[in-house]
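Heads up: the structure comes next, in structure tokens.
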Amino acid sequence: MKIRVLGCSGGIGAGLRTTSILIDNDILIDCGSGVGDLTMDEMASIRHIFITHAHLDHIAFIPFLVDSAFNTLVTNPITIHIQQETLSMLRDYIFNWKIWPDFSRLPDEINPVINYNVITPGQQIKLNNRIIEPVSVTHTQPALGYRIQSPDGGSFAFSGDTKNTDEFWRVLNSYPELNILFVECSYPDQEVNLGEIAGHHRPSTLAEDLAKLKHQPDLYIVHMKPGDEQSIMNQLNELLQNRAPKMLQHGQVFDI
Ligand SMILES: [Zn+2]
Ligand SMILES: [Zn+2]
7 MKIRVLGCSG
17 GIGAGLRTTS
27 ILIDNDILID
37 CGSGVGDLTM
47 DEMASIRHIF
57 ITHAHLDHIA
67 FIPFLVDSAF
77 NTLVTNPITI
87 HIQQETLSML
97 RDYIFNWKIW
107 PDFSRLPDEI
117 NPVINYNVIT
127 PGQQIKLNNR
137 IIEPVSVTHT
147 QPALGYRIQS
157 PDGGSFAFSG
167 DTKNTDEFWR
177 VLNSYPELNI
187 LFVECSYPDQ
197 EVNLGEIAGH
207 HRPSTLAEDL
217 AKLKHQPDLY
227 IVHMKPGDEQ
237 SIMNQLNELL
247 QNRAPKMLQH
257 GQVFDI
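Laid out in structure tokens, this is it:
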């Protein structure tokens with residue numbers, strides 16, 4: 007199973023893309039601005055999008071993707087796997103015929119280019135022997151992380167956006183191993199209030215949470231605010247010497 011990082015920044019700017027991870031060539035986890043780098047053929051190959059939550063940096067390119075690939079999606083629709091609360095926000099505020107057309111009714115209601123599949127934490131979705139498991143995390147709105155298992159048994163997990171949380175770590179610990187972990191750390195430690203209000207990790211809170219994890223995966227940090235990357239990584243390297251955290255870069259590819 008191939009994992010290709012299309013975007014993993016907490017913002018935009020030259021060389022930065024917001025959250026999107028491509029699994030093999032057909033599954034997306036989140037649909038941030040990284041999707042804009044795909045070719046038309048690559049876009050047309052996407053069959054499933056799993057959404058962590060409704061914040062714009064994670065969903066902004068769904069409208070462009072379904073519009074750009076519309077002609078191929080008419081015969082081969084995309085399924086968006088999404089929590090009910092997140093789906094309601096997407097319907098009310100994005101696909102509402104004002105900001106963007108409702109592509110779950112286009113070209114017609116019988117055969118739309120988008121189908122929604124409402125998911126709940128703990129449910130396992132199996133797609134060609136890859137298992138995708140949504141897990142609750144703690145953000146400013148209902149939000150999911152994901153644990154994804156390859157047909158060969160290797161696994162990786164992605165926290166999505168979260169601050170201190172328990173269920174995510176409990177679920178990861180319930181499996182015998184974890185090879186790769188992408189986890190968010192949005193702000194440096196000076197931003198105590200911002201981290202709490204915005205529902206994001208700082209190096210100290212992430213260190214507290216990683217103490218709950220029994221596995222020693224390859225650890226990659228995501229969703230850092232542009233300009234703060236170096237100070238966040240310096241603080242993390244101090245706090246997490248035993249885990250050797252690395253900064254994830256868009257364009258990186260992993261095989262598990
Ligand atoms: Zn968020
Ligand atoms: Zn975000």
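For the sequence shown, my numbering gives the first residue as 7, with consecutive numbering after it. C-beta: ideal position from N, C-alpha, C; glycine also. Treat the numbers as computed from the prediction; the structure is a model and nothing was measured.
Look at H207: its beta carbon is at least 7 Å from all of the heavy atoms in ligand 2. For the set L200, F260, P223, the Cα lying nearest the Cα of P251 is the one of P223. Contact between L112 and A60 does not hold, since the beta-carbon distance rounds to 21 Å and is not under 8 Å. Y152 sits in a strand when the DSSP states are folded into three classes. Shortest gap from the CB of H61 to any heavy atom of ligand 2: under 7 Å. Linking N243 to S74 through their CA atoms gives a straight-line distance of about 41 Å.
In the DSSP assignment, Y99 falls within the unbroken alpha helix (DSSP H) covering 90-99.
Note on geometry: alpha-carbon atoms of I68 and C37 lie some 6 Å from one another. Between ligand 2 and D167, a heavy atom-to-CB distance of less than 7 Å is present. By the criterion of a C-beta distance shorter than 6 Å, G40 is surrounded in its chain by L12, G13, R23, S26, H256, once the five residues flanking it on both sides are discounted. Relative to the non-hydrogen atoms of ligand 1, the Cβ of H145 comes within a distance shorter than 7 Å of at least one. Per DSSP, the beta-bridge partners of F162 are I154, I186.
Within 7 Å of the C-beta of T171 there is not a single heavy atom belonging to ligand 2. Ranking N170, I125, T168, L187 by CA distance to the CA of Q155 puts L187 first.
Under the 10 Å beta carbon count, P157 is surrounded by fewer than 16 other beta carbons and is classified as exposed.
As the crow flies, the alpha-carbon of Y152 is around 13 Å from that of Y181.
Its chain contains P83, F109, S110, R111, L112 as the residues whose beta carbon lies nearer than 8 Å to that of P118, once the 5 sequence neighbours on both sides are disregarded; these appear in chain order. Taking C-beta atoms as the reference points, T171 and V143 count as a pair closer than 8 Å. Here K169 is buried: its Cβ has 16 or more other Cβ atoms, across all protein chains shown, within 10 Å.
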